[in-house]
Amino acid sequence: MGYLKKTLQELDLIDNFLSNAIASNKEFNEPFYRLLLSVLLGKELKEVRVLAQQIIPAATPELRGIRMDVEVTEYEEGTVTNVYDLEPHLKDGLHLPRHNRYYQAKIDGRYVKRGLKDFSKIPNLYVITITNYDLFGKDYMMYTVHNKCEEIPDMEYDDGLKFLYFYTKGKKGGSQAIKNMLTYIQNSESKNAVDEATKKIDFYVSRVKNLPEVEAGYMTLGDWIDSIKEDMAVELRKELAESMKKEITGEISKEITEKVSKEVTEKVSKEVTEKVSKEVTEKVSKEVTEKVSKEVTEKVSKEVKEQDIKIVIETFQEYHDTKENAVEKLCRKFPEYAHQAEELVEKYWKE
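Under this note's numbering, the first residue of the sequence shown is numbered 115, with each subsequent residue one higher.
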């Protein structure tokens with residue numbers, strides 16, 4: 115949601131909020147998306163209906179539902195002939211081809227009614243993804259993907275499904291009209307409205323940006339994000355600290371096992387040593403304690419405790435605590451080390 119750093123007037127069509135605001139506007143949504151899709155797909159659309167933020171729930175609680183950003187359905191004589199799922203994506207990392215495969219299955223499922231025998235009645239589906247990064251790395255402005263027969267590539271295989279990936283900065287393929295539209299989607303300023311289609315699109319965008327309800331909605335969204343930032347930060351800090359602790363504890367456990375194994379090898383049988391290596395510290399304490407000298411046990415315990423203290427001190431420093439507060443908190447957490455608290459903070463505090 116990086117676009118929240120922008121003002122409403124600075125939003126571009128690739129930003130979810132603006133595309134959904136237009137999709138939610140009953141006055142502009144149909145002519146806007148009919149024109150947009152006509153340019154991107156290179157064909158004239160007929161009667162359409164536009165819905166924003168369509169949710170298709172999961173079949174069972176343990177499964178995942180989907181949320182379609184913008185759904186456009188095209189009709190002919192009252193029958194749905196084409197469905198367009200339009201998804202702008204600003205962030206990489208979703209593995210979009212498999213993400214879109216799942217979306218396609220959920221969308222198609224709504225059009226397969228009980229008792230359907232003629233599957234040719236299922237409408238065509240276009241899953242349209244618009245990104246500001248090149249998903250496939252070939253510098254094409256559009257990638258059209260559909261099923262085909264490997265043995266006979268030219269053989270028609272009409273399953274009514276197409277995946278279209280539009281890269282707003284691509285230079286190859288497509289047409290000048292598509293390039294103009296993608297440039298405007300990436301940077302929705304009037305100076306980028308250079309042909310008839312983008313000028314009409316810019317008119318709709320300007321009107322929607324100046325609607326009071328859209329401005330109020332954007333401000334409310336920003337306020338909501340601000341209101342949860344602190345809670346999110348706390349949770350993230352907790353998760354980070356826990357993750358760091360687990361990682362370091364794992365390293366400590368490994369070090370302890372190696373040290374103990376090395377010092378007691380001469381005193382334990384081969385069988386016990388193998389169990390020590392396999393089951394780490396827990397098995398060491400249970401099966402070897404009686405055979406390890408008091409001196410070794412105390413040495414290991416002291417090292418473990420000091421490693422715990424080191425982790426706590428580094429965590430305090432990472433979250434910008436002061437040395438004084440760290441000493442005070444260390445005394446409360448490890449009272450048996452209270453007389454060494456100041457010395458330990460000095461030892462592990464990274465300047």
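In this text, a Cβ means the ideal position worked out from N, Cα and C, and glycines have one as well.
*Within 10 angstroms of the Cβ of Met295, are there 16 or more other Cβ atoms? Answer buried if so, exposed if not.*
Position 181 of the sequence shown holds residue 295. Its Cβ being crowded by 16 or more others within 10 Å, Met295 is buried.
*asked:* Tell me the rounded alpha-carbon separation between Glu158 and Tyr216.
replied: Working through the sequence shown from its first residue, we reach residue 158 at position 44. Working through the sequence shown from its first residue, we reach residue 216 at position 102. Cα to Cα, the separation comes out at about 28 Å.
*Take Asp253 as the anchor and find which of Gln421, Lys285, Asp199 and Leu210 has the nearest alpha-carbon.*
Along the sequence shown, one-based indexing puts residue 253 at 139. If we check each option's Cα against that of Asp253, Lys285 comes out closest.
*Proximity test, Val426 beta-carbon vs the ligand MG heavy atom, cut-off 7 Å*: With respect to small molecules bound, the structure shown includes none, and the ligand MG cannot be examined in it.
_Using beta carbons (cut-off 8 Å, strictly below), is Leu444 in contact with chain C?_
Here there is only one protein chain, and chain C is not present.
*Below 8 Å on the Cβ atoms is my guess for Thr282 versus Ile128; work out the distance and round it to an integer in Å.*
Reading the sequence shown from its first residue, position 168 is the one you call residue 282. Reading the sequence shown from its first residue, position 14 is the one you call residue 128. Yes, they are in contact, since the Cβ atoms of Thr282 and Ile128 sit about 7 Å apart, within 8 Å.
*State buried or exposed for Val398, treating a residue as buried only when at least 16 other CB atoms are found within 10 Å of its CB.*
Translated into positions along the sequence shown, residue 398 becomes position 284. Per-residue confidence for Val398 stands at a pLDDT of 48, beneath the threshold of 50, marking its modelled position as unreliable; the derived number appears in the next sentence. By the neighbour-count criterion, in which a residue is buried when 16 or more other Cβ atoms sit within 10 angstroms of its Cβ, Val398 is buried.
*asked:* Could you check whether the region 260-271 touches the region 228-239, counting it as contact only if at least three pairs of C-beta atoms, one from each stretch, sit closer than 8 Å?
replied: Remark: fewer than three beta-carbon pairs, one from each stretch, lie closer than 8 Å, so the region 260-271 and the region 228-239 are not flagged as touching.
*Beta-carbon separation of Phe131 and Tyr318 under 8 Å?*
Indexing the sequence shown from 1 puts residue 131 at position 17. Indexing the sequence shown from 1 puts residue 318 at position 204. Cβ distance not < 8 Å, so Phe131 and Tyr318 don't count as in contact.
_Closest Cα partner of Lys120 within the set Gln218, Glu327, Asn301 and Ile425_ = Residue numbering aside, residue 120 sits at position 6 when the sequence shown is read from its first letter. That would be Asn301, whose Cα lies nearest to the Cα of Lys120.
*asked:* Residues in the same chain with beta-carbon distance under 7 Å from Pro326, minus the five sequence neighbours each way, listed in chain order, please.
replied: Within the sequence shown, numbered from 1, the residue matching residue 326 stands at position 212. Cβ within range, chain order: n/a, list empty.
*What is the C-beta distance between Ile292 and Leu150, in whole angstroms, given that I count them as a contact (C-beta under 8 Å)?*
Position 178 of the sequence shown, counted from the first residue, corresponds to residue 292. Position 36 of the sequence shown, counted from the first residue, corresponds to residue 150. Wrong, their Cβ atoms sit about 11 Å apart, outside the cutoff.
*Where in the region 199-248 do unbroken runs of the alpha helix (DSSP H), each at least 4 residues long, occur, reported from the N-terminal end onward?*
Taken in chain order, the complete alpha helix (DSSP H) segments of 4 residues or longer contained in the region 199-248 are 210-223.
*By how many angstroms is the C-alpha of Leu125 removed from the C-alpha of Leu458?*
Position 344 of the sequence shown holds residue 458. Position 11 of the sequence shown holds residue 125. Our two residues, Leu458 and Leu125, have alpha carbons roughly 51 Å apart in a direct line.
*Where does Ala307 land, buried or exposed, given buried means 16+ other C-beta within 10 angstroms?*
Taking the sequence shown and counting its residues from 1, the one referred to as residue 307 is at position 193. Answer is buried; the Cβ neighbour count reaches 16.
*asked:* Quick check: the Cα distance between Trp463 and Glu438, rounded to an integer number of angstroms?
replied: Looking up residue 463 in the sequence shown gives position 349. Looking up residue 438 in the sequence shown gives position 324. Roughly 11 Å separates the two Cα atoms.
*Does DSSP put Asn324 in a helix, a strand or coil?*
As a position in the sequence shown, residue 324 is number 210, starting the count at 1. Coil, per DSSP.
*How would you write the range of the alpha helix (DSSP H) that Phe146 sits in, first residue to last?*
As a working mapping, residue 146 is identified with position 32 in the sequence shown. Its alpha helix (DSSP H) spans residues Asn143 to Leu155.
_Contacting residues, own chain, Cβ-Cβ under 6 Å from Ala137 (five flanking each side not counted)_ = Position 23 of the sequence shown holds residue 137. So the list reads Asn143, Val164, Ala166 and Val184, once near-sequence residues are dropped.
*Distance, Ile299 Cα to Arg148 Cα*: Taking the first residue of the sequence shown as position 1, residue 148 is located at position 34. Taking the first residue of the sequence shown as position 1, residue 299 is located at position 185. Between Arg148 and Ile299, the C-alpha separation is close to 15 Å.
*Tell me whether Leu159 sits in a helix, a strand or coil according to DSSP, three-state version.*
Along the sequence shown, one-based indexing puts residue 159 at 45. Judged by DSSP in its simplified three-state form, Leu159 adopts coil rather than helix or strand.
*asked:* Once DSSP output is grouped into helix, strand and coil, what is the label at Trp463?
replied: In the sequence shown, counting from the first residue as 1, residue 463 sits at position 349. Coil, per DSSP.
*Classify Thr334 as helix, strand or coil using the three-state DSSP reduction.*
Along the sequence shown, one-based indexing puts residue 334 at 220. In the structure shown, Thr334 adopts helical secondary structure according to DSSP, grouped into three states.
*If Thr245 sits next to Tyr198, beta carbons under 8 Å apart, how far is it from one beta carbon to the other, in whole angstroms?*
The residue given as residue 245 occupies position 131 in the sequence shown. The residue given as residue 198 occupies position 84 in the sequence shown. Contact check for Thr245 and Tyr198: beta-carbon distance about 17 Å, past the 8 Å limit, so the pair fails to qualify.
*Around the C-beta of Gln123, are 16 or more other C-beta atoms found within 10 angstroms, so that it is buried, or is it exposed?*
What you label residue 123 is simply residue 9 of the sequence shown in a count that begins at 1. Around the CB of Gln123, fewer than 16 other CB atoms lie within 10 Å, so the residue is classed as exposed.
*Rank Pro211, Lys220, Glu161 and Leu155 by C-alpha distance to the C-alpha of Glu191 and give the top, closest one.*
One-based indexing of the sequence shown puts residue 191 at position 77. Taking only the C-alpha atoms, the option nearest Glu191 is Glu161.
*Have a look at Lys276 and Glu428 and give me their C-alpha separation to the nearest angstrom.*
Position 162 of the sequence shown holds residue 276. Position 314 of the sequence shown holds residue 428. Lys276 and Glu428: Cα-Cα distance of roughly 53 Å.
_Is it buried or exposed, Pro202, if we count other Cβ atoms within 10 angstroms and call 16 or more buried?_
Sequence index remark: in the sequence shown, residue 202 carries index 88 (1-based). Classification for Pro202: buried.
*Thinking C-beta only, is Gln218 closer than 8 Å to Leu239?*
To locate residue 239, count along the sequence shown from 1; it is residue 125. To locate residue 218, count along the sequence shown from 1; it is residue 104. Taking C-beta atoms as the reference points, Leu239 and Gln218 count as a pair closer than 8 Å.
*Measuring CA to CA, which of Asn261, Val328, Val241 and Thr193 is closest to Asn134?*
To locate residue 134, count along the sequence shown from 1; it is residue 20. Measuring from the Cα of Asn134, the nearest candidate turns out to be Val328.
_By the three-class DSSP mapping on this structure, what secondary structure does Glu191 have?_
To locate residue 191, count along the sequence shown from 1; it is residue 77. Three-state result, Glu191: coil.
*Which of helix, strand or coil DSSP assigns to Asp268*: Here the question's residue 268 lines up with position 154 in the sequence shown. Here Asp268 sits in coil by DSSP.
*asked:* For Lys220 and Asn214, what's the separation of their Cα atoms in angstroms?
replied: Within the sequence shown, numbered from 1, the residue matching residue 220 stands at position 106. Within the sequence shown, numbered from 1, the residue matching residue 214 stands at position 100. Using only the alpha carbons, I get a separation of about 10 Å.
*Does DSSP put Glu303 in a helix, a strand or coil?*
Residue mapping note: residue 303 aligns to position 189 of the sequence shown, counting from 1. Glu303: coil per DSSP, three-state reduction.
_Between which residues of its own chain and Leu444 is the CB-CB distance below 6 Å, once the five residues before and five after are set aside?_
For the purposes of this step, residue 444 is taken as the residue at position 330 of the sequence shown. Same-chain partners within the cutoff: Ala455.
_Bridge partners for Phe277 per DSSP, in chain order?_
Locating residue 277 in the sequence shown gives position 163, where the first residue counts as 1. Val241 and Val259, per the DSSP bridge assignment.
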